[in-house]
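Numbering (the working numbering), first residue to last: 689 to 930.
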């Protein structure tokens, strides 16, 4: 059974709701999205949640989202730009709305990916547990997969309400060479329920960082082939990070 072409209420479409994407769902393009029936007979979709500053969103972000979608059998992946990072200042921040706009341009034309305004519209510090609660309240039947890098996952125990995070979502860790899976699992073992709520997927090595791109933009160096073309054009035309 497949979900009809509706969106989470936390997302917008065509400026009227709160999410940006280019098509209703990934299933229309033959995606391997997984659908089962919940306890009430409603369709259950496996949804990836990929949060971050996305300052700017680059090809490494998109590769990570794509690999999670493929390897975990997700119906779609939501990119969730933070409004305000809880424990640090977002360096060279052009503003949450600008970061959302860049994300929307980055995923345009890709039916598998959407951009959610849920944290931007909520405002204030963006805590993952609050976002997961809101998404779960909107669609309690959906199966949420929180996509994290290995460093983020290793620090999960220091997050706000880590046990609740794991109750609301399975954690999908982008695995890279040089990070031992056993070390990461040991780091999170103190969180109740972590043993069966963490999975791994392979992430190709992509040596691109947002800080590198901001520095190149400030130095007037080209960003082509490092960013989606539309994002690179926006950075240039709006003189972001200059």
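Quick reminder that beta carbons are idealized off the backbone N, C-alpha and C, glycines included. Predicted model, so just to flag it, every value in this text is computed and none were measured.
In this structure, how does DSSP classify residue i when only helix, strand and coil are distinguished?
{"i": "residue 720", "result": "Residue placement at residue 720 is flagged as unreliable, the pLDDT there being 40, under the threshold of 50; the coordinate-derived value follows with that caveat. Coil at residue 720, not helix or strand."}
{"i": "residue 776", "result": "coil"}
{"i": "residue 916", "result": "coil"}
{"i": "residue 758", "result": "helix"}
{"i": "residue 929", "result": "coil"}
{"i": "residue 748", "result": "helix"}
{"i": "residue 877", "result": "coil"}
{"i": "residue 704", "result": "Annotation note: pLDDT 30 at residue 704 (below 50); position unreliable, coordinate value reported separately. In the structure shown, residue 704 sits in coil (DSSP, three-state: anything other than H, G, I, E or B)."}
{"i": "residue 890", "result": "strand"}
{"i": "residue 801", "result": "strand"}
{"i": "residue 786", "result": "helix"}
{"i": "residue 735", "result": "strand"}
{"i": "residue 740", "result": "strand"}
{"i": "residue 921", "result": "helix"}
{"i": "residue 898", "result": "helix"}
{"i": "residue 842", "result": "helix"}
{"i": "residue 711", "result": "At residue 711, the pLDDT of 37 sits below 50, so the modelled position is not reliable and the matter cannot be decided from this model."}
Rank the options by C-alpha distance to the C-alpha of residue i and give the top, closest one.
{"i": "residue 930", "options": "910, 918 and 747", "result": "910"}
{"i": "residue 778", "options": "741, 797 and 807", "result": "741"}
{"i": "residue 750", "options": "897, 817, 850 and 770", "result": "897"}
{"i": "residue 889", "options": "881, 858, 874 and 880", "result": "858"}
{"i": "residue 830", "options": "925, 928, 927 and 736", "result": "736"}
{"i": "residue 836", "options": "907, 752 and 799", "result": "752"}
{"i": "residue 875", "options": "916, 841, 885 and 810", "result": "841"}
{"i": "residue 847", "options": "865, 786, 817 and 860", "result": "817"}
{"i": "residue 813", "options": "900, 878 and 769", "result": "769"}
{"i": "residue 805", "options": "891, 916, 760 and 790", "result": "790"}
{"i": "residue 796", "options": "919, 928 and 757", "result": "919"}
{"i": "residue 827", "options": "873, 759 and 856", "result": "856"}
For the alpha helix (DSSP H) holding residue i, just list the boundary residues, first then last.
{"i": "residue 821", "result": "816–826"}
{"i": "residue 850", "result": "850–856"}
{"i": "residue 885", "result": "Counting along the chain, residue 885 falls outside any alpha helix (DSSP H), and DSSP gives it neither H nor E."}
{"i": "residue 907", "result": "Premise fails: residue 907 is in no alpha helix (DSSP H) and is neither H nor E."}
{"i": "residue 781", "result": "Residue 781 -> no alpha helix (DSSP H), and no H or E assigned at all."}
{"i": "residue 864", "result": "Premise fails: residue 864 is in no alpha helix (DSSP H) and is neither H nor E."}
Report, in whole angstroms, the separation of the C-beta atoms of residue i and residue j, which I expect to be a contact under 8 Å.
{"i": "residue 755", "j": "residue 733", "result": "No, residue 755 and residue 733 are not in contact; Cβ-Cβ is about 19 Å, not under 8 Å."}
{"i": "residue 860", "j": "residue 833", "result": "5 Å"}
{"i": "residue 771", "j": "residue 810", "result": "7 Å"}
{"i": "residue 775", "j": "residue 914", "result": "At roughly 27 Å, the Cβ-Cβ gap does not stay under 8 Å, so residue 775 and residue 914 are not in contact."}
{"i": "residue 864", "j": "residue 893", "result": "7 Å"}
{"i": "residue 765", "j": "residue 800", "result": "6 Å"}
Where do the ends of the beta strand (DSSP E) carrying residue i lie?
{"i": "residue 765", "result": "764–769"}
{"i": "residue 835", "result": "831–837"}
Using a Cβ-Cβ distance cut-off of 8 Å, determine whether residue i contacts chain D.
{"i": "residue 744", "result": "No chain D is part of this structure, which consists of one protein chain only."}
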